[in-house]
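Q: Protein sequence lines correspond, in order, to chains A and B. Just so we're aligned, residue 2 is where the first sequence starts under our numbering, counting upward by one. Just so we're aligned, residue 6 is where the second sequence starts under our numbering, counting upward by one. The following block contains the structure, expressed as C-alpha cells.
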Amino acid sequence: KAGVTQTPRYLIKTRGQQVTLSCSPISGHRSVSWYQQTPGQGLQFLFEYFSETQRNKGNFPGRFSGRQFSNSRSEMNVSTLELGDSALYLCASSLALGGILYNEQFFGPGTRLTVL
Amino acid sequence: EDQVTQSPEALRLQEGESSSLNCSYTVSGLRGLFWYRQDPGKGPEFLFTLYSAGEEKEKERLKATLTKKESFLHITAPKPEDSATYLCAVQASNTGKLIFGQGTTLQVKP
Numbered sequence: 002k003a004g005v006t007q008t009p010r011y012l013i014k015t016r017g018q019q020v021t022l023s024c025s026p027i028s029g030h031r032s033v034s035w036y037q038q039t040p041g042q043g044l045q046f047l048f049e050y051f052s053e054t055q056r057n058k059g060n061f062p063g064r065f066s067g068r069q070f071s072n073s074r075s076e077m078n079v080s081t082l083e084l085g086d087s088a089l090y091l092c093a094s095s096l097a098l099g100g101i102l103y104n105e106q107f108f109g110p111g112t113r114l115t116v117l
Numbered sequence: 006e007d008q009v010t011q012s013p014e015a016l017r018l019q020e021g022e023s024s025s026l027n028c029s030y031t032v033s034g035l036r037g038l039f040w041y042r043q044d045p046g047k048g049p050e051f052l053f054t055l056y057s058a059g060e061e062k063e064k065e066r067l068k069a070t071l072t073k074k075e076s077f078l079h080i081t082a083p084k085p086e087d088s089a090t091y092l093c094a095v096q097a098s099n100t101g102k103l104i105f106g107q108g109t110t111l112q113v114k115p
C-alpha cells in the first residue's frame, strides 16, 4: 500500500511570493492534516480536512490556507511568504472512520520550504 | 490549555544501555496518546497508540506505557539504528487536534 506522498519535496521562494504544496493521502484515508515543523516551535498543527471540508484549524494567520478535493488529495497555500515561513511542511492522513479523526495519523516525507 | 512536555530533550546511550523517555501531558479529555519516531529529513513514523491509563504496547526493543498524566517509552538494549527523535502527541477529545511535544533526540553509540 502506497504511503502519503507530498510534492514538491523541496522549494525555494523569495519573500512576498506565494506557494502551493500538494499531498496525496493513503488510499482510503479521508482525513488530511497539515503541520509546520521548525527547530524552535516543533510540530504545529495547521489544519485538517475531511470530505472536502476544513474541520479543524490551528493558530496560524490567514495567509495559510488549504483545500481538499473529492479524491481526498489536499493542497495548502501560503501567500505573501515571510522569512519565518521557512520550515518542513508535513501532511498526514488518517482513516477517520465514522467521520471522527480516528486512531493514528500517517505522515508523508514533507516539503522543505526555504524563503529567502 | 492542552500541553505536552517531553524529557529529556536529548539522550545519549551506549549500545545495550536501557533507558526511558518521558511524555507529560495536560489535556481536557484524552482521546489517544501517540508515539512517533522521526529520522532526520523524514516525516514522523507511527509507533504506538495508547488510549487509557494502564495500557502498554510493545514493538521490538520499544515499550510504551500510559498513566493519567504521563507516558513512558522504554528502550531496552538499544542499538545504533534506534537513534532518532521520538515524538509524543496527544489528541484532545473535544477538538480532535494532535498536540505534539518537542521531542527527545536519542543517540545510541556502538
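Cβ coordinates follow ideal geometry from the N, Cα and C atoms, glycine included.
In terms of residues, what are the limits of the beta strand (DSSP E) holding Lys74 (chain B)?
A: Here residue 74 (chain B) corresponds to residue number 69 of the second sequence, with the count starting at 1. Taken as a continuous stretch (DSSP letters only), Lys74 (chain B) belongs to no beta strand (DSSP E), as it is neither H nor E.
Q: What's the gap between the Cα of Arg10 (chain A) and the Cα of Val95 (chain B)?
A: Numbered from 1 along the first sequence, position 9 holds the residue referred to as residue 10 (chain A). Numbered from 1 along the second sequence, position 90 holds the residue referred to as residue 95 (chain B). Each residue's Cα considered, the two are about 27 Å apart.
Q: What separation, rounded to the nearest whole angstrom, lies between the Cα atoms of Phe46 (chain A) and Thr112 (chain A)?
A: Translated into positions along the first sequence, residue 46 (chain A) becomes position 45. Translated into positions along the first sequence, residue 112 (chain A) becomes position 111. Looking at the two C-alpha atoms, the distance is approximately 15 Å.
Q: Alpha carbons only, please: which of A:Ser23, A:Ser80, A:Tyr50 and A:Ser66 is nearest the one belonging to Pro110 (chain A)?
A: Along the first sequence, read from residue 1 onward, the residue named residue 110 (chain A) stands at position 109. Pro110 (chain A) has its Cα closest to that of A:Ser23, out of A:Ser23, A:Ser80, A:Tyr50 and A:Ser66.
Q: Exposed or buried, what is Gly63 (chain A) when buried is set at 16 or more other beta-carbons lying within 10 Å of its beta-carbon?
A: Within the first sequence, residue 63 (chain A) is the residue found at index 62, counting from 1. Gly63 (chain A) comes out exposed.
Q: Using a C-beta to C-beta distance shorter than 8 Å, which residues of chain A count as neighbours of Lys102 (chain B)?
A: Residue 102 (chain B) sits at position 97 when you count from the first residue of the second sequence. Correct list: Phe46, Glu49, Asn57 and Gly59.
Q: Is it true that the region 21 to 41 of chain B meets the region 47 to 56 of chain A, where meeting means three or more beta-carbon pairs spaced less than 8 Å apart?
A: Short answer: they don't touch.
Q: Report buried or exposed for Gly108 (chain B), applying the criterion of at least 16 other Cβ atoms within 10 angstroms of its Cβ.
A: Reading the second sequence from its first residue, position 103 is the one you call residue 108 (chain B). Gly108 (chain B) should be labelled buried.
Q: Quick one: residues in its chain with C-beta nearer than 6 Å to the C-beta of Phe190 (chain B), no 5 flanking neighbours on either side, listed in chain order?
A: In the structure as shown, chain B begins at 6 and stops at 115. Residue 190 (chain B) is therefore absent and cannot be evaluated.
Q: Just checking: is the beta-carbon of Phe108 (chain A) within a distance shorter than 7 Å of some beta-carbon in chain B?
A: Counting from 1 along the first sequence, the entry for residue 108 (chain A) is found at position 107. Yes, because at least one Cβ of chain B sits closer than 7 Å to the Cβ of Phe108 (chain A).
Q: Which partner residues of Phe70 (chain A) appear in the DSSP bridge assignment?
A: Counting from 1 along the first sequence, the entry for residue 70 (chain A) is found at position 69. Partner(s): none; Phe70 (chain A) has no beta bridge.
Q: Determine the DSSP secondary structure at Gly85 (chain A), reduced to helix, strand or coil.
A: As a first step, residue 85 (chain A) is located in the first sequence; it is residue number 84 there, counting from the start. The answer is helix: DSSP assigns Gly85 (chain A) an H, G or I state.
Q: Are the region 19 to 38 of chain A and the region 78 to 86 of chain A in contact at 8 Å, needing three or more beta carbon pairs?
A: Contact between the region 19 to 38 of chain A and the region 78 to 86 of chain A is present, because at least three Cβ pairs lie under 8 Å.
Q: Closer than 7 Å, CB to CB, is Glu105 (chain A) near chain B or not?
A: To locate residue 105 (chain A), count along the first sequence from 1; it is residue 104. Yes, Glu105 (chain A) counts as interfacial toward chain B.
Q: If Ser25 (chain B) and His79 (chain B) are in contact, beta carbons under 8 Å, what's the gap, nearest whole angstrom?
A: For the purposes of this step, residue 25 (chain B) is taken as the residue at position 20 of the second sequence. For the purposes of this step, residue 79 (chain B) is taken as the residue at position 74 of the second sequence. That pair is a contact at about 5 Å.
Q: Return the CA-CA distance between Pro40 (chain A) and Lys47 (chain B), expressed in angstroms with no decimal places.
A: Indexing the first sequence from 1 puts residue 40 (chain A) at position 39. Indexing the second sequence from 1 puts residue 47 (chain B) at position 42. Cα to Cα, the separation comes out at about 14 Å.
Q: Please report the Cβ distance between Ala97 (chain B) and Gly21 (chain B), rounded to the nearest whole angstrom; I am assuming they are in contact, meaning their Cβ atoms lie under 8 Å.
A: Here residue 97 (chain B) refers to the residue found at position 92 of the second sequence. Here residue 21 (chain B) refers to the residue found at position 16 of the second sequence. Not a contact, Cβ separation roughly 38 Å.
Q: Per DSSP, which residues does Lys102 (chain B) bridge with? Please list them.
A: Locating residue 102 (chain B) in the second sequence gives position 97, where the first residue counts as 1. In the DSSP output, where bridge partners are listed per residue, Lys102 (chain B) has none listed.
Q: In the DSSP assignment, the beta strand (DSSP E) including Gly37 (chain B) goes from what residue to what residue?
A: Indexing the second sequence from 1 puts residue 37 (chain B) at position 32. Unbroken beta strand (DSSP E) run through Gly37 (chain B): Leu35 to Gln43.
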